[in-house]
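A.B. asks: Dropping a structure here in structure tokens format, bear with me for questions.
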Amino acid sequence: MKLDRTDRKILKAMQRNARISNLELAELVGLSPTPCSRRVKRLEESGLIKGHVTLLDQSMLGLKLTAYIGIAMDRHTPDRFEAFEQEVATYPEVMECSVVTGQSADYLLKAVVADMEYYERFLLGRLTRIPGVTGVQSSFELRRVVLRTELPLEHIDDDTVLRQ
């Protein structure tokens, strides 16, 4: 699949505001509404647009603590990793979970909780009880400097072929 300049404009605009009307989007990218709608549908059907979300204010919801948690596992076997990943995916506090390299952790989690007391219960009552977890290292966000949900598109030109 190739993206032209108009597709990239559509994607940039929709990343900024997923609730933009088709009429506004079409005007913004220089199309009439019907072709604009067709392009958006094509981008959705291709899987490039994975969904639409509403971003909430974490602080207003009383979720004052963001923790970055390194998790070390006892064994590097597919069944051990699969069991951990299935379990941690059920925890609503976990916003992101990635397998990582280059540090003493096997996983890096980003968790959002109300406060340190809640974090202690989450850590000791749930995370460390997952079979195979042998080490946990926590860091806490003091202040968020950049929060971005928009992916950069500057590296894509008209000759770039996207792969699924």
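If you read the sequence shown in full-length UniProt numbering, its first letter stands for residue 1, the second for the next number, and so on. Idealized CB from N, CA, C, for every residue including glycine.
1. Could you give the distance in angstroms between the alpha-carbon of residue 69 and the alpha-carbon of residue 58?
2. Taking the C-alpha atoms as reference points, what is the distance between residue 108 and residue 100?
3. My guess is that residue 52 and residue 18 are in contact by the Cβ rule of under 8 Å, so how many angstroms apart are they, rounded?
4. Rounded to the nearest angstrom, what separates residue 64 and residue 32 at their Cα positions?
5. Thinking residue 12 and residue 153 are a contact (beta carbons under 8 Å), I'd like their distance in whole angstroms, please.
6. Tell me where the beta strand (DSSP E) around residue 137 begins and ends.
7. If you reduce the DSSP assignment to three classes, tell me which class residue 118 lands in.
C.D. replies: Judging by the given coordinates:
1. In the sequence shown, counting from the first residue as 1, residue 69 sits at position 69. In the sequence shown, counting from the first residue as 1, residue 58 sits at position 58. About 18 Å.
2. Sequence index remark: in the sequence shown, residue 108 carries index 108 (1-based). Sequence index remark: in the sequence shown, residue 100 carries index 100 (1-based). Linking residue 108 to residue 100 through their CA atoms gives a straight-line distance of about 6 Å.
3. As a working note, residue 52 is residue 52 in the sequence shown. As a working note, residue 18 is residue 18 in the sequence shown. About 4 Å separates the two Cβ atoms, so the contact holds.
4. Position 64 of the sequence shown, counted from the first residue, corresponds to residue 64. Position 32 of the sequence shown, counted from the first residue, corresponds to residue 32. Near 44 Å, if we compare the C-alpha coordinates of residue 32 and residue 64.
5. Position 12 of the sequence shown holds residue 12. Position 153 of the sequence shown holds residue 153. About 6 Å separates the Cβ atoms of residue 12 and residue 153, confirming a contact at the 8 Å cut-off.
6. As a first step, residue 137 must be located in the sequence shown, where it is residue number 137. Following the DSSP letters along the chain, one finds residue 137 inside the beta strand (DSSP E) bounded by residues 133-140.
7. Residue mapping note: residue 118 aligns to position 118 of the sequence shown, counting from 1. Residue 118 sits in a helix when the DSSP states are folded into three classes.
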